Amino acid sequence: MFQDLLSNHVLWISLIAWGLAQFLKPFLEYLETRRWVWGLWFSSGGMPSSHSALIVSAMVAIGLFEGFNTPLFALAVAMAMIVVYDAAGVRREAGKHAERINLLIEEFLAGHPLSEQELKEVIGHTPGEVIAGVVLGILCALIGFGIWG
24 MFQDLLSNHV LWISLIAWGL AQFLKPFLEY LETRRWVWGL WFSSGGMPSS HSALIVSAMV
84 AIGLFEGFNT PLFALAVAMA MIVVYDAAGV RREAGKHAER INLLIEEFLA GHPLSEQELK
144 EVIGHTPGEV IAGVVLGILC ALIGFGIWG
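And the structure:
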């Protein structure tokens, strides 16, 4: 079983794509804002979308290794559509709501001893962050297939 995991190229390509996306986040944030935010290594949101990189690399790798005409690839496409839509749509809107709720809490509780925990605002992605994750996922799958295919 352990040997099967070690030889699962689709799994490794997906994990590499996800890890690379997470690794790049603080550096890309620095290029944009000139601030180091090392916590991005351990958080969702940010550039590029690691969710999109992970699922798209798995989808493309499945197509390359197993075939683009298989039911497994069709399932991977469906999963990728859900994850990418969620990353750019639902989670982005939840982040906007958190931002507005935090602003309301600050305005209403200014000067009061009551302290409220702020909601996490960076939980979704902009379309550009998602596209960057998709491109990163495709590149990782193509490179991985070039190495192991």
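Per the numbering used here, the very first residue in the sequence shown carries number 24; after that it's consecutive. Ideal Cβ positions, reconstructed from N, Cα and C, are used throughout, including at glycine. A quick note: this is a predicted structure, and the numbers were derived from the prediction, not measured.
- Taking V107 as reference, the option from V157, V60, W64 with the minimal CA-CA separation is V157.
- Excluding the 5 residues flanking it on each side, V153 has same chain C-beta neighbours closer than 7 Å at S72, S75, V107, A110, A111, in chain order.
- Of the other Cβ atoms in all chains shown, 16 or more fall within 10 Å of the Cβ of S80; this residue is therefore buried.
- A direct Cα-to-Cα measurement between G169 and N31 gives close to 15 Å.
- Taken atom to atom, the span from the alpha-carbon of L159 to that of A133 is near 43 Å.
- DSSP, read as helix, strand or coil, puts G169 in helix.
- The three-state secondary structure of M104, taken from DSSP, is helix.
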